[in-house]
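Novice: Take a look at this one; I'll ask things after.
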Amino acid sequence: MSPVLAGILQLLALIAALALAYVPLGDYMARAYSSDKHWRVEKWIYKGIGADPNTEMRWTAYLRGVLAFSAVGVLFLYLLQRLQGHLPGSLGFAAIDPDQAFNTAASFVSNTNWQSYYGEQAMGHVVQTAGLAVQNFVSAAVGIAVAVALVRGFARSRTGELGNFWADLVRGTVRILVPIAAIGAIVLVACGAIQNFSGIHEVGQFMGGRQEWNGGAVASQEAIKELGTNGGGYFNANSAHPFENPTPFTNLFEIFLILLIPFALTRTFGRIVGSLRQGYAILATMATIWIGFTALMMWTEFAHHGPAFDIAGGAMEGKETRFGVGGSSIFAVATTLTSTGAVDSFHSSFTGLGGGITMLGMQLGEIAPGGTGSGLYGMLIMAVIAVFIAGLMVGRTPEYLGKKIGTREIKLAACYILITPALVLVFTAAAMALPTPGNSMTNSGAHGFSEILYAYTSGANNNGSAFAGLNADTQWFNTTIGLAMLLGRFLPMVFVLALAGSLAEQKPVPATAGTLRTEKPLFTGLLVGAILIITGLTYFPALALGPLAEGLAS
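Written out as structure tokens, the structure reads:
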């Protein structure tokens, strides 16, 4: 079987699996967030944290819950790393330096999971399980909660209440993430991923030095790492490591976990707003971009340029032979079009245009299908922008799902789409202008610029993958990327929740003959076009200096 055919068959199998899970999971999540009943374990949690799950919150109270919970998470994870040397199960590792501890705490709480350290050489069992793995669950649950709050804003009228953050947080964790992650961990263990609490073992000599491996609860962390679109790996090689991702089947299974919840949330959205066709329109937009990017990536990486490419069957540099070009290309697109950031190959070694595709996927806002929750609310913000553009073209007040998109709503949506590019471009410009950050670049020229641009794109968009080649473990990069991750995660949430509150207060507007039909293919095409044009106008100059210049020169 040719490598190209193998890649296409993997893609078709993935689409089939996602299609089978779409309806049951989407409907289940809609019931989970709409139910007025609480499980017994949930009642214990509410009692332990002193929360009343039946109290409705306005957007300001909901936001305070999000920020307070996340702030406590950053502080707890920071202290856990700083005290690692005194904790049991530390494997003899010392405390993490202050700047790196801040960067890691900001990274995992913001659902970014950027890593400027070697996981197997820095983090012991307690930090990995009680710190990083816990944040993999709850940071994903926070994202879903904010998305559900925005959906309620569209579904409700004449009220500013968006639900209860603590109830949404607990339900997302207990009813959705924990059960699916447990099943995923069992599948990974059955296929060869490790799951233990063993220490460090010497496994041989390598180039005059000792080669050592340490064990860990890898399968359980790998499952939620992908399911929650987190991305931080137990080992530095991430999902290219055989302990995390042993076989081509587990590679495809991990891609399935990455895409599962973001795609299914469109069904949840349709259920809650009372129109499945609206959910299908958002799904079609996400799927169109995802399939298009995947096809383009496979084309660039399978393109043969000389005898070496012909023999290898494609651009195999930086890719695992057990996954091949097809599996690596599908994984790369899935992880950068979501906020996952896990990698089974090294994006710096992709072709120039292939590396640009991974970067552009993040710069779209990671909305196709995006992260757990963040993908849905990001796409709905873009839908508001598209409706506004359509309203300008036909000369009438824009409406979406029975809600008028007025001055306040469009200002909030505009702030949402501007904040992340501002962070990316300002921090990139500062790093290139100052003399010290440039010393961390392994390469010069266009590829070196791409390393810097990719790092801040990944951090501000809460992706977490690295282009490789950049030494990001410096005070400058640990601090600035940490700030980019926090601001890129929580400032957009402010605008999302403010928009949700504004929409919930409105009374519904009846549809008329002149109302734009947002469940039709025409709107899907408009939405795809708006996303690509807005991103292109924002990032094209920077991309032209980096991956485009490299790709056209090769």
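Residues in the sequence shown are numbered from 456 upward in steps of one, following the working numbering.
Just so you know, even glycine gets a beta-carbon here, dropped at the ideal spot from N, CA and C.
Mind listing, in chain order, the continuous alpha helix (DSSP H) runs of no fewer than 4 residues lying wholly within the segment 646-703?
Specialist: Listed in chain order, the complete alpha helix (DSSP H) runs (minimum 4 residues) inside the segment 646-703 are 673-682.
Novice: Leaving out five residues before and five after Asn916 in sequence, what residues of the same chain have Cβ atoms less than 8 Å from its Cβ?
Specialist: Residue numbering aside, residue 916 sits at position 461 when the sequence shown is read from its first letter. Contacts found: Ser794, Met817, Gln818, Gly820, Glu821, Thr875, Val879 and Gly943.
Novice: Is the segment 599-611 touching the segment 468-478 in the sense that three or more CB pairs, one from each, lie closer than 8 Å?
Specialist: no
Novice: Since Glu960 is in the alpha helix (DSSP H), which residue starts that stretch and which ends it?
Specialist: As a first step, residue 960 must be located in the sequence shown, where it is residue number 505. If you look at Glu960, you'll find it in the alpha helix (DSSP H) that goes Gln930 to Glu960.
Novice: Please determine, among Gly579, Asp623, Gly686 and Arg626, the residue with the shortest C-alpha to C-alpha distance to Ala672.
Specialist: As a working note, residue 672 is residue 217 in the sequence shown. Of the candidates Gly579, Asp623, Gly686 and Arg626, Gly579 places its Cα closest to the Cα of Ala672.
Novice: Which partner residues does Met814 have in the DSSP bridge list?
Specialist: Reading the sequence shown from its first residue, position 359 is the one you call residue 814. The partner list for Met814 (beta bridge, DSSP) is empty, contrary to what the question assumes.
Novice: Tell me whether Leu925 sits in a helix, a strand or coil according to DSSP, three-state version.
Specialist: As a first step, residue 925 is located in the sequence shown; it is residue number 470 there, counting from the start. If DSSP states are grouped into helix, strand and coil, Leu925 belongs with the strands.
Novice: Between Phe786 and Ile710, which are expected to be in contact by the criterion C-beta below 8 Å, what is the C-beta distance as a whole number of angstroms?
Specialist: Taking the first residue of the sequence shown as position 1, residue 786 is located at position 331. Taking the first residue of the sequence shown as position 1, residue 710 is located at position 255. The pair is a contact, with the Cβ atoms about 6 Å apart (cut-off 8 Å).
Novice: Three-state secondary structure (DSSP) at Met771?
Specialist: Locating residue 771 in the sequence shown gives position 316, where the first residue counts as 1. In the displayed model, Met771 falls within coil according to three-state DSSP, outside both helix and strand.
Novice: DSSP three-state call for Glu821: helix, strand or coil?
Specialist: One-based indexing of the sequence shown puts residue 821 at position 366. Look at Glu821 here: in three-state DSSP terms it is coil, with no helix or strand label.
Novice: Per DSSP, which residues does Arg513 bridge with? Please list them.
Specialist: On the sequence shown, residue 513 is found 58 positions in, with the first residue counted as 1. DSSP output for Arg513 lists Glu616 as bridge partner(s).
Novice: Between the Cα of Lys858 and the Cα atoms of Met837, Gly914 and Pro965, which residue gives the shortest distance?
Specialist: As a working note, residue 858 is residue 403 in the sequence shown. Lys858 has its Cα closest to that of Pro965, out of Met837, Gly914 and Pro965.
Novice: Nearest by alpha-carbon distance to Ala577: which of Val521, Ile551 and Trp668 is it?
Specialist: Here residue 577 refers to the residue found at position 122 when the sequence shown is read from its first residue. Of Val521, Ile551 and Trp668, the residue nearest in Cα terms is Ile551.
Novice: Compute the beta-carbon to beta-carbon distance between Pro824 and Phe718, rounded to the nearest angstrom, for a pair I have assumed lies under 8 Å.
Specialist: Here residue 824 refers to the residue found at position 369 when the sequence shown is read from its first residue. Here residue 718 refers to the residue found at position 263 when the sequence shown is read from its first residue. So it is a contact: roughly 5 Å between Cβ atoms.
Novice: Strictly by DSSP, which residues pair up with Tyr533?
Specialist: Translated into the one-based positions of the sequence shown, residue 533 becomes position 78. Tyr533 pairs with nothing; no bridge assigned.
Novice: Alpha carbon to alpha carbon, how far is Val625 from Val589?
Specialist: Here residue 625 refers to the residue found at position 170 when the sequence shown is read from its first residue. Here residue 589 refers to the residue found at position 134 when the sequence shown is read from its first residue. Looking at the backbone, the Cα of Val625 and that of Val589 are separated by about 13 Å.
Novice: Around the Cβ of Arg665, are there at least 16 other Cβ atoms within 10 angstroms (buried) or fewer (exposed)?
Specialist: Here residue 665 refers to the residue found at position 210 of the sequence shown. Exposed is the call here.
Novice: Can you grab the Cα-Cα spacing for the pair Leu720 / Thr934, in whole Å?
Specialist: Taking the sequence shown and counting its residues from 1, the one referred to as residue 720 is at position 265. Taking the sequence shown and counting its residues from 1, the one referred to as residue 934 is at position 479. Roughly 33 Å separates the two Cα atoms.
Novice: What's the C-alpha gap between Glu959 and Gly618?
Specialist: Residue 959 sits at position 504 when you count from the first residue of the sequence shown. Residue 618 sits at position 163 when you count from the first residue of the sequence shown. This sequence places Ala at residue 959; Glu is not what is there. C-alpha separation (whole angstroms): 11 Å.
Novice: What do you get for Met948, buried or exposed, if any count of 16 or more other CB atoms within 10 angstroms of its CB means buried?
Specialist: Indexing the sequence shown from 1 puts residue 948 at position 493. Met948 should be labelled buried.
Novice: For Leu460, is the classification buried or exposed, using 16 other Cβ atoms within 10 angstroms of its Cβ as the cut-off for buried?
Specialist: Here the question's residue 460 lines up with position 5 in the sequence shown. Exposed: under 16 other Cβ atoms inside 10 Å.
Novice: Assuming Gly1001 contacts Ser905 under a Cβ cut-off of 8 Å, what Cβ separation, rounded to an integer in Å, is found between them?
Specialist: On the sequence shown, position 546 is the one that residue 1001 refers to. On the sequence shown, position 450 is the one that residue 905 refers to. The Cβ separation is near 4 Å, so the contact holds.
Novice: Is the separation between the beta-carbon of Met834 and that of Met741 shorter than 8 Å?
Specialist: For this step, residue 834 is matched to residue 379 along the sequence shown. For this step, residue 741 is matched to residue 286 along the sequence shown. Yes.
Novice: With DSSP run on the structure shown, which of helix, strand or coil describes Ser794?
Specialist: For the purposes of this step, residue 794 is identified with residue 339 of the sequence shown, where counting begins at 1. If DSSP states are grouped into helix, strand and coil, Ser794 belongs with coil.
Novice: Ends of the alpha helix (DSSP H) at Ala474?
Specialist: Counted from its first residue, the sequence shown places residue 474 at position 19. Element bounds for Ala474: Pro458 to Ser489.
Novice: Out of Gly924, Thr813, Asp623 and Ile989, state which residue places its alpha-carbon closest to the alpha-carbon of Tyr517.
Specialist: Taking the sequence shown and counting its residues from 1, one reaches residue 517 at position 62. Looking at the Cα atoms, Asp623 is the closest of the given residues.
Novice: Would you check if the segment 560-569 and the segment 639-656 touch, i.e. whether three or more CB-CB distances between them fall below 8 Å?
Specialist: no
Novice: With DSSP collapsed to three states, give me the class of Ser829.
Specialist: If you number the sequence shown from 1, residue 829 lands on position 374. The answer is helix: DSSP assigns Ser829 an H, G or I state.
Novice: Mind pulling the alpha helix (DSSP H) runs of 4 or more residues that sit fully within the segment 699-733?
Specialist: 703-728
Novice: So, using beta-carbon positions, are Ser571 and Ala927 closer together than 8 Å?
Specialist: Here residue 571 corresponds to residue number 116 of the sequence shown, with the count starting at 1. Here residue 927 corresponds to residue number 472 of the sequence shown, with the count starting at 1. Going by C-beta atoms, Ser571 is nearer than 8 Å to Ala927.
Novice: How would you label Asp799, buried or exposed, when you count the other beta carbons within 10 angstroms and need 16 or more for buried?
Specialist: Counted from its first residue, the sequence shown places residue 799 at position 344. Looking at its Cβ environment, which holds 16 or more other Cβ atoms inside 10 Å, Asp799 is buried.
Novice: Just how far apart, CA to CA, sit Gly811 and Thr749?
Specialist: On the sequence shown, residue 811 is found 356 positions in, with the first residue counted as 1. On the sequence shown, residue 749 is found 294 positions in, with the first residue counted as 1. So the alpha carbons of these two residues sit roughly 13 Å apart.
Novice: Going by C-alpha distance, which of Ser730, Ala506, His696 and Gly807 is nearest Arg777?
Specialist: As a first step, residue 777 is located in the sequence shown; it is residue number 322 there, counting from the start. Selected option, being the one with the closest Cα: His696.
Novice: Helix or strand or just coil, what does DSSP make of Met896?
Specialist: Looking up residue 896 in the sequence shown gives position 441. When DSSP states are grouped into helix, strand and coil, Met896 belongs to the strand group.
Novice: Which of the three DSSP states is assigned to Lys492 in this structure?
Specialist: On the sequence shown, residue 492 is found 37 positions in, with the first residue counted as 1. Lys492: coil per DSSP, three-state reduction.
Novice: How would you call Leu480, buried or exposed, if buried means at least 16 neighbouring beta carbons within 10 angstroms?
Specialist: In the sequence shown, counting from the first residue as 1, residue 480 sits at position 25. Classification for Leu480: buried.
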